[in-house]
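Here is the structure we will look at.
Numbering (this note's numbering), first residue to last: 1 to 130.
Given below as structure tokens:
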């Protein structure tokens with residue numbers, strides 16, 4: 001094999017590597033975004049479980065006012081291991097007219113720089129008193 005064939009083979013190999021570079025970059029970006037979405041989903045789940053665990057200290061009955069008080073507190077932003085800031089946000093609730101009843105709550109996790117919520121969920125919580 002002559003020097004010309006080696007140079008041509010190296011050029012073809014370099015061209016092949018350059019054609020795969022955008023695919024590699026997009027894969028890395030997509031993987032990073034999926035990591036952020038997974039972290040946001042975990043935060044949503046934790047927030048919902050915390051809301052369901054709310055009850056007064058004197059009884060095990062879940063009061064709508066306790067849920068409303070929990071939701072009124074703005075949770076601290078969470079910074080994931082990659083340095084992305086995620087902010088949990090609760091939507092205000094309306095207490096039911098009849099007890100026991102359910103309260104519909106919604107929590108979303110937003111990320112600076114993105115117009116839509118990164119993750120969100122809606123659930124019903126059983127309340128036994130106003």
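Glycine included, C-beta positions come from ideal geometry on N, C-alpha and C.
With a cutoff of 8 Å on beta-carbon distance, residue 110 and residue 87 are scored as near each other. Annotation for residue 29: no beta strand (DSSP E) segment contains it, though the alpha helix (DSSP H) segment containing it runs 3–52. For residue 72, the enclosing alpha helix (DSSP H) starts and ends at 64–72.
Between the region 111–118 and the region 32–43 there are three or more C-beta pairs closer than 8 Å, enough to call the two in contact. Residues 85 of the same chain have their beta carbon placed closer than 7 Å to that of residue 112, with the five preceding and five following residues left out of the count.
Of the other Cβ atoms in all chains shown, fewer than 16 fall within 10 Å of the Cβ of residue 27; this residue is therefore exposed.
Here residue 70 is buried. Its C-beta has 16 or more other C-beta atoms within 10 Å.
For a cut-off of 8 Å, the C-beta gap from residue 130 to residue 45 is around 28 Å, too long to register as a contact.
The beta carbons of residue 95 and residue 68 sit about 7 Å from each other, so the pair counts as a contact at 8 Å. Distances from the alpha-carbon of residue 106 to those of 97, 6 and 90 put 90 closest. According to DSSP, residue pairing for residue 118 in a beta bridge does not occur. Residue 101: member of the beta strand (DSSP E) spanning 101–110, first to last residue.
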